[in-house]
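Residue 77 in numbering that gives the first Met the number 0 sits at position 78 of the sequence shown, and the numbers go up by one each step.
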Amino acid sequence: MFGRQALTSAFHRATRPTFKIVPKTSCVSSRLSPISIRFLSDETRAAIDKAIASAPVVLFMKGTPETPQCGFSRATIQILGLQGVDPAKFTAFNVLEDENLRAGIKEYSEWPTIPQLYVEKNFVGGCDILITMHQNGELAKMLAEKKVLVETVEDQQSTEESGKREN
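What follows is the structure, given as structure tokens:
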């Protein structure tokens with residue numbers, strides 16, 4: 000009897016979702032209200048980790064870069080285009096295709112809105128933050144430092160010249 004009860008109890012624990020313990024004080028200071036906090040499953044967290052690691056620049060958006068489904072996603076794509084982000088170093092995920100991703104990314108980043116931009120696995124922000132960073136030059140500086148922009152002819156010539164000097 001004891002063995003069966005222990006196995007049943009272990010099974011029930013194993014099949015329950017894993018919960019992140021959130022102290023009450025962090026709920027108050029969190030960008031998400033306590034009511035909107037959802038517990039992120041290990042499976043969803045792993046999928047988001049994999050998505051963020053899939054390219055140097057990752058955008059979680061509504062729609063696709065070719066057909067954004069909201070004005071904020073469209074504005075974010077336009078900003079990244081104006082900045083000259085290299086398409087080979089960029090990928091986007093449509094949160095409208097997967098409800099777990101849509102809710103999970105908000106919990107993952109502790110940011111309540113979409114779109115969300117990650118550069119080299121670090122959360123940068125949403126549309127409003129990107130607009131501000133674009134306007135004050137911080138975004139251009141960060142993207143250049145991370146080497147995620149399309150190389151210009153001048154950049155290629157500079158790289159070739161420095162390679163010749165080393166030889």
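Heads up, the beta-carbon is just placed ideally off N, CA and C, and yes, glycines get one too.
Output needed for residue i: all residues of its chain with C-beta closer than 8 Å, excluding positions within five of it in sequence on either side, in chain order.
| i | result |
| --- | --- |
| histidine 133 | Ile78, Leu81, Gln82, Ala139 |
| valine 84 | Val56, Leu142, Val147, Leu148, Val149 |
Given residue i, which residues of its chain have a CB within under 6 Å of its CB, disregarding the five upstream and five downstream residues?
| i | result |
| --- | --- |
| valine 57 | Ile51, Thr90, Tyr117 |
| asparagine 99 | Thr43 |
How would you label residue i, buried or exposed, when you count the other beta carbons within 10 angstroms and need 16 or more for buried?
| i | result |
| --- | --- |
| glycine 124 | buried |
| glutamine 68 | exposed |
| valine 149 | exposed |
| alanine 54 | buried |
| asparagine 135 | exposed |
What residue range does the beta strand (DSSP E) around residue i cover?
| i | result |
| --- | --- |
| glutamine 115 | 115 to 118 |
| serine 90 | Note that residue 90 is threonine in the sequence shown here, rather than serine. Residues 89 to 93. |
| phenylalanine 59 | 56 to 60 |
| glycine 124 | 121 to 124 |
Just to confirm my understanding: we take residue i, look at its own chain, exclude 5 residues before and 5 after, and list those with CB closer than 7 Å. What are they?
| i | result |
| --- | --- |
| lysine 120 | Ile51, Ala52 |
Starting from residue i, follow the alpha helix (DSSP H) in both directions and report where the run begins and ends.
| i | result |
| --- | --- |
| glutamate 150 | That residue, glutamate 150, is in no alpha helix (DSSP H); it is neither H nor E in DSSP. |
| glutamine 82 | 70 to 82 |
| threonine 43 | 41 to 51 |
| glycine 103 | 98 to 108 |
| glutamate 137 | 137 to 144 |
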